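J.:
Protein chains in written order, with this note's numbering: chain W, 205 to 283; chain G, 18 to 655.
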């Protein structure tokens, strides 16, 4: 998958998790850019990504993710 | 749902994939009134945890806005855990919607179960749960086990933990008088010794196994129901249910991805306790019970039995149906076939495990299946929500789901070899107790078919009933029958005069109370023993009356004047106690309209109303006329 396609999928998922159509993340976005993206939601989003992409992140990847680019890179390494 | 073939979560494969998910979710938040049936259908699809949470939030919003009528059933469930349980609420509530039940969930704070149970001022007291889930995680349970434990130390740690758990159960039961459900821990620990782990006293893996065995026994003696995920874990693997990385991060024993499956398995127990587990398995024939179409190839041409893999697979389906039947599940047939051709294999095929006498209602014809299912429910005196319909045809499944949303219709895999497992996974027939009467019960539905055949030869109902040779045996409540009494109370919705139910402990309390008199009734006839089919709970209000607190009777003996025979017994009791009247109460519920006129029909006069909408009826012992009842009445110990 291209980074673009991964980002689109991530956006779809984040919209689904937050039940909002007005969320659009760029590679530079961070969790702080989205209202309600707290630590509880963070786990939900990461698990949703694991589930839908059929991949598993490592604990350290989860700890080190700062931006959506980190996330897209982590997905890209596995798909 | 997932991209790869590897399952990433324990999903609900017996449910169909959602139909127009996006559109339905938009409809839910559009401000238009939401039909509870449509909502139950949406909840009855294979939703992953993201969608389950989304549906849950949308429903909460819709309800707060008043767009949503409450479902007909309700329960208040407290989740009390040693670790995090707050991520499991959505899966539980959506599993409730699936069963037309509004589940209000109390999410205990992390590790606060002890305070919730025992502190006078805990917020749980205000919640007043009708069911409580106690979930103690593997680390909490093994905390008292020293890493170098001797067998004696291990046994002491085990004993102390069991005492602690039983104390918690007692606290919940004494304070809240609610169903207590204990979730057994997941087998999360790797072995320290290996395949002979049980030889290592300090093993946490082995400690959990021992604890599990002990809790199974204790749960029986303490009236607690267990939520064991063992069968699911054996199927799915523990890694789908428990994510060690998340345990480290958020102290979640159950992974959020497993929340929908966890919720479904938990709510099954609540539904079963309320007597709403399914009672009847309705089977299609061609390519469900055997391979091929019997109308085309004849009874000798169907694929069934040893010799071919497919034939053995269908044999296994029949075997599973028989297993369910043996523990009280009623079997019925619904097939598009000529009636005689459909029946032929049951009569002449040597490999058939299912025979005509196993089938309590047999519908073969060319009309639409939803109509046939309605007829089956009517014939068996069961609600549509008591039926599970097994059919290999996606068309028929879809049609029945659309027409009869109350009927459970599992999706089936292409290969019949996996039908039994799928049906077991779906848990429609979840049971909490096993009683002597279970197998008799199914047999008695089956005997009803023979009774109906006898009925068809009589034009006069009176002559038919006389010909049945009925014999009613009654006695005060017997300690050995308490489980069956509680089960009958839980399962009987229509012939329940006050809608009240009593569990085992409440039945025991009736036995122990000298002012109460509980009477149980069994019915036999020439076709068999119907088992314990009714009970009456009465209070002796000396010197005036025998007050009938409740009367519950199994619907499978309706129309046989059993209620008149019960009245005769009650009347004789009142007279022998020197009381001047029988007083009966009827409280209307959504399900018991059937008995709305029972007391007037039996000659009682209405005397007053009660504050909760009930009606009181009286029959004085001197005015009672004895009419002839075609039932021989006998006291058990006489």
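For glycine and all other residues, C-beta sits at the position ideal for the given N, C-alpha and C. The structure displayed is predicted, hence computed values, not measured ones.
Tell me, which residues are paired with residue 569 of chain G by DSSP?
T.: Taking the first residue of the second chain as position 1, residue 569 of chain G is located at position 552. DSSP lists G:513 and G:552 as partners of residue 569 of chain G.
J.: If we cut at 8 Å on Cβ distances, does residue 65 of chain G have a partner in chain W?
T.: Here residue 65 of chain G is taken as the residue at index 48 of the second chain, counted from 1. Yes - at least one Cβ of chain W is within 8 Å of the one on residue 65 of chain G.
J.: Using the C-alpha atoms, what's the distance from residue 196 of chain G back to residue 347 of chain G?
T.: Along the second chain, read from residue 1 onward, the residue named residue 347 of chain G stands at position 330. Along the second chain, read from residue 1 onward, the residue named residue 196 of chain G stands at position 179. Answer to the nearest angstrom: the Cα atoms are 26 Å apart.
J.: Under 8 Å by Cβ, that's how I've got residue 491 of chain G and residue 537 of chain G pegged, so tell me the actual separation to the nearest angstrom.
T.: Start at 1 with the first residue of the second chain, and residue 491 of chain G comes out as number 474. Start at 1 with the first residue of the second chain, and residue 537 of chain G comes out as number 520. Yes, they are in contact, since the Cβ atoms of residue 491 of chain G and residue 537 of chain G sit about 7 Å apart, within 8 Å.
J.: Could you give the distance in angstroms between the alpha-carbon of residue 614 of chain G and the alpha-carbon of residue 131 of chain G?
T.: The count along the second chain starts at 1 and reaches residue 614 of chain G at position 597. The count along the second chain starts at 1 and reaches residue 131 of chain G at position 114. Taking the straight line from one Cα to the other gives about 48 Å.
J.: Could you tell me whether any Cβ in chain B is nearer than 8 Å to the Cβ of residue 96 of chain G?
T.: Going by chain labels, chain B is absent from the structure shown, which instead holds the protein chains W and G.
J.: Could you give the first and the last residue of the continuous alpha helix (DSSP H) run that contains residue 121 of chain G?
T.: The sequence position of residue 121 of chain G within the second chain is 104, counting from 1. From DSSP, residue 121 of chain G is part of no alpha helix (DSSP H) but of the beta strand (DSSP E) over 118-124.
J.: Any beta carbon from chain W within less than 8 Å of residue 51 of chain G's own beta carbon?
T.: Looking up residue 51 of chain G in the second chain gives position 34. Chain W contact via Cβ: absent.
J.: Please report how far the alpha carbon of residue 513 of chain G lies from the alpha carbon of residue 142 of chain G, in whole angstroms.
T.: For the purposes of this step, residue 513 of chain G is identified with residue 496 of the second chain, where counting begins at 1. For the purposes of this step, residue 142 of chain G is identified with residue 125 of the second chain, where counting begins at 1. Distance between the alpha carbons of residue 513 of chain G and residue 142 of chain G is about 30 Å.
J.: Verify whether the separation of the beta carbon atoms of residue 640 of chain G and residue 597 of chain G is less than 8 Å.
T.: Within the second chain, the letter at position 623 stands for residue 640 of chain G. Within the second chain, the letter at position 580 stands for residue 597 of chain G. No; because the gap between Cβ atoms is not below 8 Å, this pair is not in contact.
J.: Round the Cβ separation of residue 60 of chain G and residue 111 of chain G to the nearest angstrom and send it over; I've been treating them as touching at under 8 Å.
T.: As a first step, residue 60 of chain G must be located in the second chain, where it is residue number 43. As a first step, residue 111 of chain G must be located in the second chain, where it is residue number 94. Confirmed, about 5 Å.
J.: Rounded to whole angstroms, what's the CA-CA distance from residue 472 of chain G to residue 646 of chain G? Just pull it up for me.
T.: The count along the second chain starts at 1 and reaches residue 472 of chain G at position 455. The count along the second chain starts at 1 and reaches residue 646 of chain G at position 629. Spanning the two alpha carbons is a distance of roughly 17 Å.
J.: Hey, would you say residue 208 of chain G sits closer than 8 Å to residue 220 of chain G, going by beta carbons?
T.: Along the second chain, one-based indexing puts residue 208 of chain G at 191. Along the second chain, one-based indexing puts residue 220 of chain G at 203. In contact: residue 208 of chain G and residue 220 of chain G (Cβ atoms closer than 8 Å).
J.: Report all residues from its chain with a CB closer than 7 Å to the CB of residue 272 of chain G; omit the five preceding and five following residues, and keep chain order.
T.: Reading the second chain from its first residue, position 255 is the one you call residue 272 of chain G. Hits under 7 Å: 258, 259, 260 and 263.
J.: Which residues in chain G have a C-beta closer than 8 Å to the C-beta of residue 263 of chain W? List them in chain order.
T.: In the first chain, counting from the first residue as 1, residue 263 of chain W sits at position 59. Here the neighbours are 262, 265 and 266.
J.: Below 8 Å on the Cβ atoms is my contact criterion, and I expect residue 257 of chain W with residue 279 of chain W to pass it. Report the Cβ-Cβ distance as a whole number of Å.
T.: The count along the first chain starts at 1 and reaches residue 257 of chain W at position 53. The count along the first chain starts at 1 and reaches residue 279 of chain W at position 75. About 6 Å separates the two Cβ atoms, so the contact holds.
J.: Quick one: is residue 279 of chain G buried, meaning 16 or more other Cβ sit within 10 Å of its Cβ, or exposed?
T.: The sequence position of residue 279 of chain G within the second chain is 262, counting from 1. Buried: at least 16 other Cβ atoms inside 10 Å.
J.: Output the residue ranges of the alpha helix (DSSP H) runs that lie fully inside the region 180-250 of chain G and measure 4 residues or longer, sorted by chain position.
T.: Within the region 180-250 of chain G, the complete alpha helix (DSSP H) runs of at least 4 residues are 221-239.
J.: Judging by CA-CA distance, which residue of G:345, G:535 and G:545 is the nearest neighbour of residue 453 of chain G?
T.: Position 436 of the second chain, counted from the start, is the residue given in the question as residue 453 of chain G. Selected option, being the one with the closest Cα: G:345.
J.: How about residue 249 of chain G and residue 447 of chain G: are their beta carbons less than 8 Å apart?
T.: The residue labelled residue 249 of chain G in the question sits at position 232 within the second chain. The residue labelled residue 447 of chain G in the question sits at position 430 within the second chain. Not closer than 8 Å, so no.
J.: Determine, using beta carbons only, whether residue 270 of chain W comes closer than 8 Å to chain G.
T.: Sequence index remark: in the first chain, residue 270 of chain W carries index 66 (1-based). Not closer than 8 Å to any Cβ of chain G, the Cβ of residue 270 of chain W fails to qualify, so no.
J.: With a threshold of 7 Å on Cβ separation, who are the neighbours of residue 188 of chain G within its own chain once the five nearest residues in sequence on each side are excluded?
T.: Taking the second chain and counting its residues from 1, one reaches residue 188 of chain G at position 171. Excluding sequence neighbours, residue 188 of chain G sits near 134 and 135.
J.: Are the C-beta atoms of residue 524 of chain G and some chain W residue less than 8 Å apart?
T.: Here residue 524 of chain G corresponds to residue number 507 of the second chain, with the count starting at 1. It does not: the Cβ of residue 524 of chain G has no partner Cβ on chain W nearer than 8 Å.
J.: I'd like to know whether the C-beta of residue 25 of chain G is nearer than 8 Å to at least one C-beta of chain W.
T.: The residue labelled residue 25 of chain G in the question sits at position 8 within the second chain. For residue 25 of chain G, the answer is yes, since a Cβ of chain W falls inside 8 Å of its Cβ.
J.: Which of the three DSSP states, helix, strand or coil, is assigned to residue 497 of chain G?
T.: As a position in the second chain, residue 497 of chain G is number 480, starting the count at 1. Residue 497 of chain G: helix per DSSP, three-state reduction.
J.: Do the CB positions of residue 286 of chain G and residue 247 of chain G come within less than 8 Å of each other?
T.: By one-based count along the second chain, residue 286 of chain G stands at place 269. By one-based count along the second chain, residue 247 of chain G stands at place 230. Not a contact, by the Cβ cut-off of 8 Å.
J.: Can you look up residue 288 of chain G in the DSSP assignment and give me helix, strand or coil?
T.: Your numbering for residue 288 of chain G matches position 271 in the second chain. DSSP places residue 288 of chain G in helix when its eight states are reduced to three.
J.: Across the region 484-503 of chain G and the region 539-548 of chain G, are there enough close Cβ pairs to call them in contact, namely three or more that are closer than 8 Å?
T.: Touching, yes, given that three or more Cβ pairs across the two stretches are closer than 8 Å.
J.: Would you mind telling me which residues of chain G sit closer than 9 Å to residue 285 of chain W, beta carbon to beta carbon, in chain order?
T.: Since the first residue shown for chain W is 205 and the last is 283, residue 285 of chain W is missing from the structure and cannot be characterised.
J.: With 7 Å as the limit, tell me which residues of the region 275-298 of chain G have their beta carbon closer than that to any beta carbon of chain W; keep them in chain order.
T.: Per Cβ criterion, the list is empty.
J.: Which residue spans inside the region 577-620 of chain G form an unbroken alpha helix (DSSP H) run of at least 4?
T.: DSSP runs (the alpha helix (DSSP H)) wholly in the region 577-620 of chain G: 579-593 and 615-618.
J.: Give a yes or no on whether 8 Å exceeds the smallest Cβ distance from residue 381 of chain G to chain W.
T.: By one-based count along the second chain, residue 381 of chain G stands at place 364. No, residue 381 of chain G lies away from the interface with chain W (no Cβ there is under 8 Å from its Cβ).
J.: Pair every Cβ in the region 420-440 of chain G with every Cβ in the region 24-33 of chain G, then say whether three or more of these pairs are closer than 8 Å.
T.: Yes, they touch.
J.: Among G:275, G:185 and G:374, which residue has its Cα nearest to the Cα of residue 236 of chain G?
T.: Numbered from its first residue, the second chain carries residue 236 of chain G at position 219. Comparing Cα positions, the closest option is G:185.
J.: Secondary structure at residue 340 of chain G, three-state DSSP: helix, strand or coil?
T.: Reading the second chain from its first residue, position 323 is the one you call residue 340 of chain G. Helix at residue 340 of chain G.
J.: State the DSSP-derived secondary structure class of residue 668 of chain G, mapped to helix, strand or coil.
T.: Because chain G spans 18 through 655 in this model, residue 668 of chain G falls outside it and cannot be assessed.
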